[in-house]
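Student: Position in the sequence shown counted from 1, then plus 221, gives you my numbering.
Glycine included, every Cβ here is placed at the ideal spot set by N, Cα and C.
Predicted model, so just to flag it, every value in this text is computed and none were measured.
After the structure tokens below, expect a handful of questions from me.
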Amino acid sequence: MAGARILFTGGGTGGHLYPALNIAEAARALEPDTECFFVGSRRGIEARVLPESGYAHRLLPLEPIRRAQPWRNWRLIWTAPAVVVGVSKAFRSFRPHVVVGTGGYVSGAALWWSRLKRIPIVLQEQNAEPGIVTRLMARRAAQVHLGYPEARGRLEVGPNTRVVDSGNPVAPSRENGESTGFDWPEGRILLVVGGSQGARAINERLLADLSEAAEDAVPDDVSIVWIAGRDHADRVESEAASLSAAARIRVVPFIRDLGRQLDRATLALSRAGAMLVAELCAAGVPSVLVPLPTAAANHQVLNARALADAGAAVAHEERDLSTGELWRSCRSLLEDAGRLQTMSSAARSRARPTAAAEIAGAVLELARTTDAR
């Protein structure tokens with residue numbers, strides 16, 4: 222056959238989109254004639270990222286399932302005809318050999334269509350607690366690749382499903398001297414990041430802590446790179462300008478390709494999404510983790526506890542944080558080089574830097590046995 226044709230579906234958030242992008246990059250590195258196509262939502266982060274990625278794609282009027290506001294789910298019915306037409310056109314024009322789903326409400330429609338067309342399905346599940354799409358489709362999948370081995374016991378798979386503890390597919394690390402695309406400060410860096418959309422609670426707590434920490438200010442050799450999120454960056458930048466360390470605080474809404482640049486950070490203050498945790502481990506970055514309390518199935522709390530138990534992170538549940546505690550936690554680590562080194566080694570011990578290549582190899586192997594329909 223010529224190059225394999227792989228259709229990727231997943232998104233809504235970066236935690237579902239970037240695994241797909243990383244697997245696609247790895248597949249093309251293994252076999253340069255591989256063709257990749259993405260199906261996503263007009264509402265998700267993919268609507269901003271995919272047009273700049275260079276990959277062919279189709280964005281559909283997909284709607285999330287609103288568990289907290291079920292009366293708003295009528296939009297699922299309203300948009301269904303356009304979604305079906307869009308999925309049908311994508312499959313008819315691209316004719317994939319295999320479909321890879323990386324989760325999120327975005328992936329459901331394309332995975333069900335691939336099942337109807339008898340096109341093999343591969344699932345990549347990032348979390349220890351599988352998402353609803355993974356749980357629904359696991360029995361119908363040819364392969365399921367797990368970011369956490371604990372997820373295996375929470376899935377019902379088919380008799381011929383291959384389940385692999387692959388780890389999460391992080392981006393390959395940058396080569397020495399390779400440009401990062403972002404002008405990182407010199408010296409030690411505290412990276413503050415709340416995920417692909419930022420984290421209002423972390424932003425507000427750290428601003429409050431720093432404003433009251435005159436006697437416990439940011440060390441002179443430390444800069445803060447603060448990824449505040451597109452909806453929050455202007456406010457954070459405005460309030461940070463009044464802090465004593467303002468000259469060493471850089472507030473940005475987003476850093477493209479962050480996973481490949483994490484080695485610049487000395488310490489990360491972060492949410493605990495599965496992909497970000499995996500990227501921190503691959504880069505050997507110690508972390509202070511504040512898991513999102515509303516994450517589905519409490520999976521961010523489980524992620525944070527796993528890293529803390531391994532000695533790679535300090536975990537704080539948001540509801541338990543007292544005034545000043547978040548900054549004190551970061552400050553104490555920045556002042557303890559030995560502990561940072563120990564945490565860095567613990568993080569690297571959990572890393573799976575070849576996961577993307579391993580998953581891509583398995584997907585390509587499956588594609589070679591498939592006739593496109």
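#1: Please classify Leu337 as buried or exposed, where buried requires at least 16 neighbouring CB atoms within 10 angstroms.
#2: May I have the straight-line CA-CA distance separating Arg263 from Gly232, to the nearest angstrom?
#3: For a test of the three-state rule: what should DSSP assign to Trp447, helix, strand or coil?
#4: Starting from Ile476, follow the alpha helix (DSSP H) in both directions and report where the run begins and ends.
#5: Using C-beta distances below 6 Å, list every residue in its chain close to Leu513, excluding the 5 sequence neighbours before and after it, in chain order.
#6: Can you say whether Asp530 is buried or exposed, counting buried as having 16 or more other CB atoms within 10 angstroms of its CB?
#7: If you measure between the beta carbons of Ala359 and Leu332, is that distance less than 8 Å?
#8: Is Val260 helix, strand or coil when you go by DSSP?
#9: If we ignore side chains and look at the alpha-carbon of each, how far apart do Ala568 and Leu510 end up?
#10: Which residues bound the beta strand (DSSP E) around Arg409?
#11: Name the two residues that bound the continuous beta strand (DSSP E) containing Ile266.
#12: By DSSP's criteria, Gly322 is part of a beta bridge. Which residues make up the other side?
#13: What number of angstroms, rounded off, separates the C-alpha of Val439 from the C-alpha of Asp484?
#14: So, Met496 versus Tyr326, is the Cβ gap smaller than 8 Å?
#15: In chain order, what residues of the same chain lie with their CB nearer than 8 Å to the CB of Asp442, ignoring the 5 residues before and after it?
#16: Do Ile342 and Arg361 come within 8 Å of each other at the CB atom, strictly closer than that value?
#17: Buried or exposed: where does Pro302 fall if 16 or more other Cβ atoms within 10 Å of its Cβ makes it buried?
#18: Can you tell me the Cα-Cα spacing of Gly307 and Ala247, whole angstroms?
#19: In angstroms, rounded to a whole number, what distance separates the CA positions of Thr355 and Ser335?
#20: How is the alpha helix (DSSP H) around Arg456 delimited, first residue to last?
#21: Whose C-alpha, out of Arg269, Arg249, Leu242, Glu252, is nearest the C-alpha of Phe259?
#22: For a test of the three-state rule: what should DSSP assign to Leu561, helix, strand or coil?
#23: Could you pull the start and end residues of the beta strand (DSSP E) that Val385 belongs to?
#24: Report the partner residues of Val472 according to the DSSP bridge assignment.
#25: Any idea if Arg426 is buried or exposed, counting beta-carbon neighbours within 10 angstroms, 16 or more meaning buried?
#26: Can you tell me whether Gly329 is buried or exposed? The criterion is at least 16 other CB atoms within 10 Å of its CB, across all chains shown.
#27: Mark Ala468 as exposed unless 16 or more other C-beta atoms lie within 10 angstroms of its C-beta, in which case mark it buried.
#28: Whose C-beta lies closer than 6 Å to the C-beta of Ser550 among residues of the same chain, with five residues either side of it excluded?
#29: What is the DSSP secondary structure of Arg589, counted as helix, strand or coil?
Tutor: In terms of the structure at hand:
#1: exposed
#2: 10 Å
#3: In this structure, Trp447 counts as strand in the three-state DSSP scheme.
#4: Per DSSP, Ile476 belongs to no alpha helix (DSSP H) and is neither H nor E.
#5: Arg492, Gln521
#6: exposed
#7: Cβ distance not < 8 Å, so Ala359 and Leu332 don't count as in contact.
#8: Residue state, collapsed to three classes: strand.
#9: 13 Å
#10: Start and end: 409 to 414.
#11: Run containing Ile266: none; DSSP gives neither H nor E here.
#12: Thr230, Leu344
#13: 21 Å
#14: no
#15: Gly408, Arg409
#16: yes
#17: exposed
#18: 27 Å
#19: Those two C-alpha atoms are separated by around 14 Å.
#20: 454 to 461
#21: Leu242
#22: helix
#23: Counting along the chain, Val385 sits inside the beta strand (DSSP E) bounded by residues 383 to 385.
#24: Trp447
#25: buried
#26: Buried, because 16 or more other Cβ atoms sit within 10 Å of the Cβ of Gly329.
#27: exposed
#28: Val509, Val535
#29: coil
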